[in-house]
Amino acid sequence: MKQINTVTGTVAPEKLGTTLMHEHLLIGWAGWELDCSVPKFDRKSALKNCVETLKPLKDMGLQSMIDPCPMDIGRDVTFMAEVGSASGVNIVAATGLYKEDLGNTPYFKQRSVEEITEIYVQEITKGVGDTGIKCGIIKCATGKGQITPYEENTLRAAGRASKRTGVPITTHTEEGTMGREQLAIFASEGVDMSKVVIGHSCGSADLRYHTDMLDKGCLLGFDRFGLDFAQPDRLRMASLIGLCGIGFEKQIVLSHDSVACWLGRGLDITPQLARLVENWKPSHVFQNVVPALKKAGVSQEKISAMLVENPRRYFQG
Ligand SMILES: [Zn+2]
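Residue numbers for the sequence shown follow the working numbering, beginning at 2 and rising by one.
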């Protein structure tokens, strides 16, 4: 039986339970700590905020969450471990790098695929820095409509690290593009497709895009529920209900890509934008999406496949 690395120790896959596969505690763009025009980061109140975000979710049945923050946009595994201990939710941290236009790239652009692979493997097998906290998932990301040479290197490194450690991969895609191309890179590295989530696939409502990827055996992340400015939820729902209707519920996972705390300045929520993010919170799937799926005739069995069994199988391999 394979054990999953969480920030508070290992957990057996069958103990994961109801899992949100893509939520963030902290996000900070490289350079955030140089912004002296905003109040200094208050770790204590951020911690309180994160724990208070998770507590009601626990009452809704949440047992585990994946925080796939890559290493270069504010990941703080010690903070994550404190939230995990205080909330009682299993939290899985990621190794990996973000897409080129928003990542912290200067150092890693000078590294080879093998060198990046070695970093990922060490973060999984030995832990992050000297914290002893081990990563349980590998993150990689591409921008809209293209995969840059830098991003390709990070995808290949993710593939190789996954093969060496058995740890699964989750990706970021932009506006429902490049998922198929990400899979082609993983395939050329010999990655086991059942250990890949193509994240933010709900950014497209093109069912051919979805089924092309599902036919390769990967999972799709319908993991931006509530982020209506990126893609209206009703298109996410229409695609999800359709895919469940033709039997693909065994390859889909649900989440929101919510951010509990921003480091430095976060999203600038204008009044116009506010309407489009009112449901962008990690309770939305439980409170609104699941009831809407049921109303549309999606069975409880299919819903629990997406929230419980798929995460378990993905980690179990
Ligand atoms: Zn994310």
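Idealized CB from N, CA, C, for every residue including glycine.
Keep in mind that this is a model prediction, so the values were computed, not measured.
Judged by DSSP in its simplified three-state form, F187 adopts helix. Between the alpha carbons of T149 and L156 lies a distance of about 10 angstroms. Remark: C-beta atoms of D269 and D224 do not approach each other more closely than 7 angstroms. The three-state reading of DSSP puts T19 in coil, since its state is none of H, G, I, E or B.
Of all alpha-carbon atoms in G137, A206, V78, the one lying nearest the alpha-carbon of P233 is that of A206. Between the region 97-115 and the region 34-47, the count of C-beta pairs closer than 8 angstroms stays below three; the two stretches do not touch. Taking 8 angstroms as the upper bound for CB-CB distance, F226 and V290 are in contact here, some 5 angstroms apart. In this structure, DSSP gives D68 an extended state, which the three-state scheme calls strand.
The residue among I74, Y210, F187, S46 with its C-alpha nearest the C-alpha of E176 is Y210. Setting aside the 5 residues that flank it on each side, A31 is surrounded in the same chain by D73, I74, G104, N105, each with a C-beta closer than 8 angstroms to its C-beta; the list follows chain order. By alpha-carbon distance to K196, the top candidate from L98, I139, G128 is I139. In the DSSP secondary-structure assignment, F223 is bridged to L255. The closest heavy atom of ligand 1 lies less than 6 angstroms from the beta carbon of D258. In the DSSP annotation of this structure, the continuous segment of the beta strand (DSSP E) that includes V12 starts and ends at 10-12. The way I'd put it, the region 44-61 doesn't touch the region 269-279; fewer than three beta-carbon pairs between them come closer than 8 angstroms.
The beta carbons of G180 and T174 sit closer together than 7 angstroms. Under a 10 Å Cβ-count criterion, Q301 is classified as exposed, with fewer than 16 other Cβ atoms of the shown protein chains found around its own Cβ. For L236, the secondary structure class from DSSP, reduced to helix, strand or coil, is helix. Given a length threshold of 4 residues, each whole run of the alpha helix (DSSP H) inside the region 74-148 is given here in chain order: 78-88, 114-126. Looking at the DSSP output, I199 shares a beta bridge with L221.
Taking a C-beta distance under 7 angstroms as the contact criterion, V122 and T166 qualify as a contact pair. Residue environment: D229 is assigned as buried (16 or more neighbouring CB atoms within 10 Å of its CB, all protein chains considered).
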